[in-house]
Each structure stands twice: as C-alpha cells, then as structure tokens.
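>
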Amino acid sequence: MPFGNTHNALKMKYASSEEYPDLSQHNNHMAKILTPAIYERLRSKQTPSGFTLDDVIQTGIDNPGHPFIMTVGCVAGDEETYEVFKELLDPIIEDRHGGYKPTDKHKTDLNPNNLKGGDDLDPNYVLSSRVRTGRSIRGFCLPPHCSRGERRGVEKMSVEALDSLSGDLKGKYYALKNMTDAEQQQLIDDHFLFDKPVSPLLLASGMARDWPDGRGIWHNDTKTFLVWVNEEDHLRVISMQKGGNMKEVFNRFCTGLTKIETLFKDKGTSFMWNEHLGYVLTCPSNLGTGLRAGVHVKIPNMSKHAKFEEVLKRLRLQKRGTGGVDTAAVGGTFDISNADRLGFSEVELVQMVVDGVKLLVDMEKKLEKGQSIDNIMPAQK
Amino acid sequence: IHFCPHDLMYPDSADYPDLRKHNNCMASHLTPAIYAKLVDKATPNGYTLDQAIQTGVDNPGHPFIKTVGMVAGDEESYEVFADLLDPVIKERHNGYDPQTMTHPTDLDSSKLKSGKFDERYVLSSRVRTGRSIRGLSLPPACTRAERREVEKVVVDALAGLKGDLAGTYYSLTHMTDQEQQQLIDDHFLFDKPVSPLLTCSGMARDWPDARGIWHNNTKTFLIWINEEDHTRVISMEKGGNMKRVFDRFCTGLKEVERLIQEKGWEFMWNERLGYILTCPSNLGTGLRAGVHVNLPKLSKDPRFTKILDNLRLQKRGTGGVDTAAVGSTFDISNLDRLGQSEVQLVQTVVDGVNYLIECEKKLEKGQDIKIPPPVRK
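Here you go:
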C-alpha cells in the first residue's frame, strides 16, 4: 500500500542506481540525508506488515520543498518502520530534533502538578490556549499504510474508549461519513471539523485513502477536549479554551490522556511508545511528546521588533499564523508554541511556553510604553 | 501486547470499501463476493485489487460523466482481476463482452472516405490514442527505473523518425525556461495532474522524473511520455483535413512500432482487448478522433443531444473532458473505443460531423432537420 511501491520484488530486478530518486531540486530532511549507498542497503527491506523504503520516502520525493518550513520528507507506516529503516530515520531524527542521538532516552512526564504557574497569562493579550498531541494504537498500521479494516478497527476501539469517559470529559463522537448537516455546521462553527487533507505533503503519503471512511471527531460536552480519529495519526488529542489559563488546559490534557490510555490497556493494547523515541507517530517530526502547546497572542509591537526572531529562538518557541502551520500571521496576532517535540518532557515543553509567552507579553507591554526590552532579553534555553 | 500481522487479522468483509455514496463503474460491479475472491490475488509484479480500485474508492463520482473507478497496474491486471474488470468493461464499452468477443485493429488510413470538412465550421482536427510498452508496468504501479526505461525506449525510437515526422524530445526535468514557454504557447505542455481521479491511482508519483513531450518540427505529431499512459500519441492540425491527420497518425504509429520492434520491444495488445492502456475506458483502439466545430444554431436545437447519441458522438468543451463549451464551439468526438477498429471509428466521426454540418446549414436557411437513425454500433 498504497501506490504500488510495496511490490519490492519487482524493483530488485533493477540496479539501485536505476531506481534512485532524482533529488536535485529538493530541500527536505530526507533529501539531505538519503544517499545512493543508504538507498541500496535499505531498498530490499520491508517491515513485517510490508512497508518499504519507497513507501517511507515517497512524500519527500513528490514534494521537493515548502516555502515556510523545512519539511521532513518521510513517514512511518507502522511502529517497526523506525527500526527497520533506522539507518535513514536516525540521522533525520537527529537533524530535525536538535541533535537527538540514536542512543538518547526520552522522558515522558504527564503529571500536570509539575507545571509551575501558567494560570495567569494576561487574557488581554493571550486570546486562547491549546495543547495537542497524537497517539498511535499499538498493533495497527499507521495512516499511510493501514487497510480499511485496520482503520475501522482503530475507530471502533477509540470510540469505545472515549464513550466511557465521564464527568467534564463526557462527550460524543461524530463520524465524518454519518454526520447530519446540522452536526456538520455546528462542528464548522466551533472550528472543530477537519476536512480531507489537501496538502500534497499529506496526500502523497497515502493517508487520505478511502476518505471519509473510519474518520471522525469526538469532543466533550463543554467543547474543551477534542479528539480527531484517523486524520494524519490514529488519534490527535486537543485540549483548549479561550483565554490564558494554560494550567487548566494542561491539567485537562494530562487527565484526559491518562484516562484514555488506561481504557486502552483494559482492552489489551497500549499506545505505541518506547524509551528512545517516546510516543511513536506517523511523521518523525512528532516523535517524543508529539506535543505542541501554544497560544494565540496579540504582539503587534514585539512582532515588528528587530530582535523578535532571536527572542523566539532563545526561548525555543516557534511562530505560526493563526490558521495553523501553512499560514502567515494576521494583524499582529500570532500562534506561538514550543519548537521542540523530542528530548524534552511534556511538562518541560509546556513550561517553556508558559514562561516564554509571559516574557513576550511583558516585552509587548514595555514596547507599548516606549521602553526598551534589552534588559529582559532571555538566555538561550 | 502485540496483535497478529494485519493482513491475517481482518476478514475480507472488514476491508470491503463503503461504496454507498458512489457512482462509478467499479462501485456498480464490486460485490463483497468478488472482493473476497480477488483481494488476496496479485499480478506477477505484485499489483493488487486494492491498488486497482483505490481511485474509485477515493472518488465517488464526477458531475459530467460516470467514471470507471479503477485502473490497471500492468498488462496482467486485466487477466488476474477479470472477474471485476470484465463487467466494468462491458458496462463502459456498451455491451462489449471480453469473454466472448474479439476486437478489430485497422490502421489502414487509405480506407477512410471523404475526410475533409467544411472549414467554415470545423476549426481543427485531432486524433489521439495511447500505447503501452509490453513488459513494463503501467503508470499507477511502475517503479522509477521502469518509468525511466519507458522514456528511454520511446525516445530512442522517436529519434529514428524522418521526413515530416522528424522531431525533438523535451524532458520535463531538463527543459529550459524558453522551451517551456514555447511548449505552453503551442498548447503542448502537460502539467502534473491535479485531478484526484488520476492522482489517487498513484500515477503522479516522482513527478516530473522521466516525463516529457516529443513533437515533430511541423508541430502536427506529438507524443506525451509517462503522463497517464506510457505514451499518448496525437496527430493534429488546424482546419478540417481529418484525412491527412489520420494518415499521419497511422503512418507515425506504425513507424514507431517498427522502431521499437527493432530493439526487441512491442506494444501491449491482445485480441480480446486490443491495445492495453491504464484506464479501462481507453482499451481497444484507445482512440479519440475529434474536431473543434462551430454549431451555433444546431447546438441550441433541443434535438442536438439525441442527434449526437444516434451518431455515436460525444460533445465536450474545447478545454477537454472536464470542461463545458464556450460560445457555440464544441469538441465533437467518437464515443466508442473498443469493439470497432480505428478506421471504423474515424469514419463514424467523419460521417457524423458532416451530418452535423449539414444540419447547421439547413437551420441557417430556415429548413428543418431530421434526427438520423442510430448508426450501426
């Protein structure tokens, strides 16, 4: 699956050099790391479920580059991809995740009590707070490679688990293919509805096959905890609310995730996780915590300041437009989130966002008053 | 805790696609029983049923036409998946039964009668088809090395064409900005497909590697390499001389075939299905012969559609299959591909377009027109 790359036996008739992709116009992590020698060593391999090297790299061949960000250019089709194609993926992971070595261990910490502060980001500046991550269900292939039966299996198991949540986490599942017009409109108005991906980065990996079969959205009644089923990952888990109380958002995030994980364990499986890579997801960029904690924050003065990029870099933060990864900012309101995913725990990353955003708001306030920010420049984290 | 390998885990019914909202030929014929029978099979190259039907699962329907909803990954797909492809072919090709019928091939253009149209009405004439190189997988399934081999085999052969067929190859990867602009101005350049009907089948992988355009110096014979098929072959001119267009088409095709045979290659062809191409809709002749013709009065007549149907003709906008007509200029071409020879189909277009022009002339003079009887299928 999906596009004929899995008939690996046929390809072995040709010399490796005849099959090697033309990456001369390319600028992504895969194109930087892949060499003819690596290709030759890995091309005869496949994971137990049949995912091959060409399956891993097809999206990077088909998408030479992206205007705003350096893309990864490869995906995993199952948990074993990261083992079988280690020789390619370890250097990509190292390049993408700030020097993370094949021997490094990743810390998981989902204890929200370890977060200091975070409940008092100024709501005059911080419009909304959000934490998201992904989870994969062990034993099932990932979206680029899964069969329809597996995808439906992921959906069934996930919905059963989510249906047993209670209290403020109690909610409802909306399957994409069964929702009524009224439900669809409500989900659009709430900005919850996800569409069939249009980005060629995603389409080229095969994760949009059979749309909308097996896909859906679950959210709690208060609309502060949201789960996407079978979009780019098995599960994307999102906790969010208006305003600046990141602590509450993170509490709910950790509580919800821990409860869901327990429910899966009761069913005899678990999330894909290991000591080295943390939580295993489709895109190598989301390994480790898979966590992006961010705010929409109004910083019109700060964002025009000559040192803005430098400040973000030192704080280990990243800016995006408020429409998400492929957009530019509108009117001085930015999406500010952690740049890292792997090598730091969840608590550490959210702490960086809380502390960093607090500082950015303080800087904004100073600039509003015509004061300098030079004396509160942060050190490199 | 680990589960069993995924292909052992799920019964076929768990993998059967949800086709309740679908309207394409594949969805009309893929029963759970046929799915269960074919799902574990693969062609010798490893191409599977799920791969063949993916485009039809991902694309429920098209506003203007009932799409086929599946593709072939190689020549053997048409045998291994015959239980599904044969009924699809029968529906798409107006009852042609691959299990009992044979397809006639006839590229003797001297048999064409009166192929010169009135140029006050016919603006341009064109014949296209496709050809696949036997032994190499088709665009949905081919490896990069196979695709590059197709390019090499075909470009080598085209380099042997002489006289008014002599021409030049422009590789999509290597063309200069100037060459690209010229090809755009000539309306020859093809782009990476955007239609999900095509991209969902995997034929756009590795773009633009091994894709290119060849044309002769007079720009009347054009070949696309590794777009939707191994090759698409097009003969065209401004004006109404369909006979000359068809002459060049046949001569060119036969010459290219001779040149590849010299090197030990041949086209995919068999008696049952004629020329083998990626999409089942293009089997047989793979031929679409058409004109851009101005029919301001006839196109507004309520009998226009019925007249076209009876003449076994199809109308499209002048932008091609996914467009609507602009003004009163239509692209009129043969409906059929399989079960009739090339000569027969081009004759159908010649006779049909002449009839349409006669109708237009009558309407201009205020005379009445008749719906013709259905031509022999």
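Here the protein sequences come in this chain order: A and B.
Mapping of the first sequence onto this note's numbering: position 262 corresponds to residue 262, and the numbering continues sequentially without gaps.
Quick note, this note's numbering runs 1000 ahead of the 1-based positions in the second sequence.
Backbone N, C-alpha and C define an ideal beta-carbon position, used for all residues, glycine too.
Quick one: which chain B residues come within Cβ less than 9 Å of serine 199/A?
Taking the first residue of the first sequence as 1, we reach residue 199/A at position 199. Against chain B, a Cβ distance below 9 Å from serine 199/A picks out nothing, because the smallest value is about 13 Å.
> Hey, glycine 1056/B and methionine 1101/B: beta-carbon distance below 8 Å or not?
Residue mapping note: residue 1056/B aligns to position 56 of the second sequence, counting from 1. Residue mapping note: residue 1101/B aligns to position 101 of the second sequence, counting from 1. Taking 8 Å as the Cβ cut-off, glycine 1056/B and methionine 1101/B do not qualify as a contacting pair.
> With 8 Å as the threshold, decide whether the Cβ of lysine 11/A is near any Cβ in chain B.
For the purposes of this step, residue 11/A is taken as the residue at position 11 of the first sequence. Judged by the 8 Å Cβ criterion, lysine 11/A is in contact with chain B.
> In chain B, which residues lie less than 8 Å from arginine 152/A when you measure between Cβ atoms?
Reading the first sequence from its first residue, position 152 is the one you call residue 152/A. Simply Ala1014.
> Closest to aspartate 1331/B by CA distance: which of Arg1316/B, Glu1342/B, Ser1341/B, Gln1344/B is it?
Along the second sequence, read from residue 1 onward, the residue named residue 1331/B stands at position 331. Among Arg1316/B, Glu1342/B, Ser1341/B, Gln1344/B, the Cα nearest to that of aspartate 1331/B is on Arg1316/B.
> So asparagine 1226/B and alanine 1141/B are in contact, right, with Cβ under 8 Å, and what is the actual spacing, rounded?
As a first step, residue 1226/B must be located in the second sequence, where it is residue number 226. As a first step, residue 1141/B must be located in the second sequence, where it is residue number 141. Not quite, the Cβ-Cβ distance comes to about 13 Å (not below 8 Å), so this is no contact.
> Can you tell me the Cα-Cα spacing of aspartate 1007/B and lysine 242/A, whole angstroms?
To locate residue 1007/B, count along the second sequence from 1; it is residue 7. To locate residue 242/A, count along the first sequence from 1; it is residue 242. Because the pLDDT at aspartate 1007/B is just 48, under 50, the model does not fix this residue reliably, and the value given afterwards should be weighed accordingly. If I take the Cα positions, the gap works out to 45 Å.
> Kindly say whether isoleucine 61/A, judged by its beta-carbon, lies nearer than 8 Å to any beta-carbon of chain B.
For this step, residue 61/A is matched to residue 61 along the first sequence. Yes, isoleucine 61/A counts as interfacial toward chain B.
> Do the segment 1116–1127 of chain B and the segment 1174–1194 of chain B touch if we need at least three Cβ pairs shorter than 8 Å?
no
> Which chain A residues sit within Cβ distance under 8 Å of aspartate 1191/B?
Stepping through the second sequence from its first residue, residue 1191/B is reached at position 191. Ordered by position in chain A, no residue passes the 8 Å Cβ test against aspartate 1191/B, which lies about 14 Å from the chain.
> Please decide whether glutamate 19/A counts as near chain B, where near means a Cβ-Cβ distance under 8 Å.
Here residue 19/A corresponds to residue number 19 of the first sequence, with the count starting at 1. With 8 Å as the cut-off, glutamate 19/A counts as an interface residue toward chain B.
> Given a cut-off of 8 Å on the beta-carbon distance, is the pair leucine 169/A and phenylalanine 253/A in contact?
As a first step, residue 169/A is located in the first sequence; it is residue number 169 there, counting from the start. As a first step, residue 253/A is located in the first sequence; it is residue number 253 there, counting from the start. Against a cut-off of 8 Å, the Cβ pair of phenylalanine 253/A and leucine 169/A comes out as no contact.
> CA-CA distance, threonine 222/A and aspartate 190/A?
On the first sequence, position 222 is the one that residue 222/A refers to. On the first sequence, position 190 is the one that residue 190/A refers to. So the alpha carbons of these two residues sit roughly 11 Å apart.
> My assumption, with CB atoms under 8 Å, is that threonine 1348/B sits in contact with arginine 1312/B. Please give the rounded CB distance.
Locating residue 1348/B in the second sequence gives position 348, counting from the first residue. Locating residue 1312/B in the second sequence gives position 312, counting from the first residue. Indeed they touch by this definition, with Cβ atoms about 6 Å apart.
> DSSP has histidine 219/A in a bridge; who is on the other side?
Against the first sequence, residue 219/A aligns to sequence position 219. According to DSSP, which records beta bridges pairwise, histidine 219/A is partnered with Lys172/A, Leu226/A.
> Exposed or buried, what is methionine 157/A when buried is set at 16 or more other beta-carbons lying within 10 Å of its beta-carbon?
By one-based count along the first sequence, residue 157/A stands at place 157. Its Cβ being crowded by 16 or more others within 10 Å, methionine 157/A is buried.
> Assuming threonine 1218/B and tryptophan 1224/B form a contact by the criterion Cβ under 8 Å, report the distance between their Cβ atoms to the nearest whole angstrom.
Mapped onto the second sequence, residue 1218/B falls at position 218. Mapped onto the second sequence, residue 1224/B falls at position 224. Not quite, the Cβ-Cβ distance comes to about 18 Å (not below 8 Å), so this is no contact.
> Consider the Cβ of glutamine 1344/B: report whether some Cβ of chain A lies at a distance smaller than 8 Å.
Counting from one through the second sequence, the residue named residue 1344/B turns up at place 344. Not one chain A Cβ lies under 8 Å of glutamine 1344/B.
> Would you kindly report the start and end of the unbroken beta strand (DSSP E) that includes tyrosine 1169/B?
Taking the first residue of the second sequence as 1, we reach residue 1169/B at position 169. In the DSSP assignment, tyrosine 1169/B falls within the beta strand (DSSP E) that extends over 1167–1171.
> Which residue from Ala293/A, Leu53/A, Val311/A, Asn178/A puts its Cα closest to that of arginine 130/A?
Locating residue 130/A in the first sequence gives position 130, counting from the first residue. That would be Ala293/A, whose Cα lies nearest to the Cα of arginine 130/A.
> Keeping to the same chain, check which residues put their C-beta closer than 7 Å to that of serine 24/A; ignore five residues upstream and five downstream.
The count along the first sequence starts at 1 and reaches residue 24/A at position 24. If you ignore the 5 residues before and after serine 24/A, its C-beta comes within less than 7 Å of no other C-beta in its own chain.
> Run down chain A in chain order and give the residues with a C-beta less than 8 Å from the C-beta of threonine 1278/B.
Numbered from its first residue, the second sequence carries residue 1278/B at position 278. Result: empty, since nearest Cβ-Cβ is about 12 Å, beyond 8 Å.
> Using a threshold of 8 Å, state whether the C-beta atoms of tyrosine 174/A and isoleucine 137/A are closer than that.
Position 174 of the first sequence, counting from 1, holds the residue named residue 174/A. Position 137 of the first sequence, counting from 1, holds the residue named residue 137/A. Not closer than 8 Å, so no.
> Among the candidates Gly1212/B, Asn1282/B, Ile1184/B, whose CA atom is the shortest distance from the CA of isoleucine 1089/B?
What you label residue 1089/B is simply residue 89 of the second sequence in a count that begins at 1. Nearest of Gly1212/B, Asn1282/B, Ile1184/B to isoleucine 1089/B, Cα basis: Asn1282/B.
> Do we get a CB-CB distance below 8 Å when we pair glycine 73/A with the residues of chain B?
Residue 73/A sits at position 73 when you count from the first residue of the first sequence. Taking Cβ atoms only, chain B never reaches closer than 8 Å to glycine 73/A, which makes this a no.
> Note down, in chain order, every chain A residue with its Cβ under 8 Å from the Cβ of threonine 1173/B.
Within the second sequence, the letter at position 173 stands for residue 1173/B. Asp22, listed in chain order.
> Short of 8 Å in beta carbon distance, which residues of its chain neighbour lysine 259/A, apart from the five on each side in sequence? Order them along the chain.
The sequence position of residue 259/A within the first sequence is 259, counting from 1. Sequence-distant partners of lysine 259/A (beyond 5 residues in either direction) whose C-beta falls short of 8 Å from its own C-beta, in its chain, are Leu165, Leu169.
> Count the other C-beta atoms from every protein chain shown that fall within 10 angstroms of the C-beta of proline 284/A, then say buried if there are 16 or more, exposed otherwise.
Residue mapping note: residue 284/A aligns to position 284 of the first sequence, counting from 1. Result: buried.
> With a threshold of 8 Å between beta carbons, is glycine 356/A in contact with chain B?
Along the first sequence, one-based indexing puts residue 356/A at 356. For glycine 356/A, the answer is no, since every Cβ of chain B falls outside 8 Å of its Cβ.
> Here's the rule: buried if 16 or more other CB atoms are within 10 angstroms of the residue's CB, otherwise exposed. What is histidine 1187/B?
Locating residue 1187/B in the second sequence gives position 187, where the first residue counts as 1. Answer is exposed; the Cβ neighbour count stays below 16.
> Answer yes if the segment 1353–1370 of chain B comes into contact with the segment 1258–1271 of chain B, meaning at least three C-beta pairs across the two stretches below 8 Å, and no otherwise.
no
> Using a Cβ-Cβ cut-off of 6 Å (strictly less than) and excluding sequence neighbours within five positions of arginine 1244/B, which residues of its own chain qualify?
Locating residue 1244/B in the second sequence gives position 244, where the first residue counts as 1. Excluding residues within five positions, none has a Cβ falling inside 6 Å.
> Can asparagine 1294/B and threonine 1318/B be called in contact, C-beta distance under 8 Å?
On the second sequence, position 294 is the one that residue 1294/B refers to. On the second sequence, position 318 is the one that residue 1318/B refers to. No, they are not a contact pair.
> Straight-line CA distance for alanine 1150/B to valine 1291/B?
Numbered from 1 along the second sequence, position 150 holds the residue referred to as residue 1150/B. Numbered from 1 along the second sequence, position 291 holds the residue referred to as residue 1291/B. Looking at the sequence itself, residue 1150/B is valine, so the reference to alanine does not match. If you take the alpha carbons of valine 1150/B and valine 1291/B, they lie about 30 Å apart.
> Residues in the segment 154–185 of chain A with C-beta within 8 Å of chain E's C-beta atoms, listed in sequence order?
Within the model displayed, chain E is absent; protein chains A and B are what it includes.
> Assign glutamate 150/A to buried or exposed, taking buried as 16 or more other Cβ atoms, counted over all protein chains shown, within 10 Å of its Cβ.
The residue given as residue 150/A occupies position 150 in the first sequence. So glutamate 150/A counts as buried.
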